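First the structure, in the form of structure tokens, and then the observations on it.
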Amino acid sequence: MTKADIISEISTKTGIEKVDVQETVEAFFKVIKNSMIGGENVYVRGFGSFVVKKRAQKTARNISKNTAIIIPEHFVPSFKPAKVFVDKVKNNSKKTNAEA
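Heads up, the sequence shown stops at 100 in the working numbering, and the numbers go up one at a time, no gaps.
Written out as structure tokens, the structure reads:
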């Protein structure tokens with residue numbers, strides 16, 4: 001499912017025009033991105049958490065040149081789904097796999 005599909009489905013289910021839904025969805029993602037860029041985590045109850053994870057400094061190898069490279073510590077965005085959400089996906093997946 002793409003962002004356009006999400007916008008179409010929300011528009012169909014709510015009766016709100018696609019342009020308004022698109023602006024809302026874009027604003028939602030912009031708020032999440034800006035919060036995470038600022039080092040702030042975003043928690044959506046029942047869905048999951050958008051968290052910033054710290055990766056420690058490590059040494060990697062460049063195999064072709066046989067040299068060591070130091071990768072400095074850095075931060076990466078991550079998503080952790082809520083337990084309720086994970087359970088619903090697991091239960092639904094079991095039903096569709098049993099039917100196949």
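The C-beta atom is built at its ideal place from N, Cα and C for all residues, glycine as well.
Here the structure is a predicted model, which is why all the values come from computation and not from measurement.
Continuous alpha helix (DSSP H) stretch holding residue i: start and end
i	result
T24	18 to 37
A4	3 to 14
Residue closest to residue i, alpha-carbon to alpha-carbon, out of the options
i	options	result
R45	K3, A82, V31	A82
F29	V42, K65, S8	V42
K3	T59, K88, K90, V25	V25
Residue i beta carbon near the ligand ADP (any heavy atom closer than 7 Å)
i	result
N41	Absence of the ligand ADP is noted for the structure shown, with no ligands found whatsoever.
Beta-carbon separation (whole angstroms), residue i vs residue j, contact threshold 8 Å
i	j	result
Q57	P77	At roughly 19 Å, the Cβ-Cβ gap does not stay under 8 Å, so Q57 and P77 are not in contact.
K80	G38	Their Cβ separation, rounded to whole angstroms, is 19 Å, which puts K80 and G38 out of contact at 8 Å.
I70	N62	About 11 Å separates the two Cβ atoms, so there is no contact after all.
E17	S11	7 Å
6 Å Cβ shell around residue i - same chain, five flanking residues per side excluded
i	result
A100	Here A100 scores only 49 on pLDDT, less than 50, and its place in the model should not be relied on; the value that follows carries that caveat. So the list is empty, once near-sequence residues are dropped.
A114	Absent from the structure is residue 114, since the part of the chain shown begins at 1 and ends at 100.
Residue span of the beta strand (DSSP E) that contains residue i, given as start and end
i	result
P81	74 to 81
S49	48 to 55
I63	First-last for I63: undefined, no H or E at that position.
Cut-off 8 Å between Cβ atoms - residues of its own chain near residue i, not counting five sequence neighbours on either side
i	result
F75	G39, V52, K53, K54, R55
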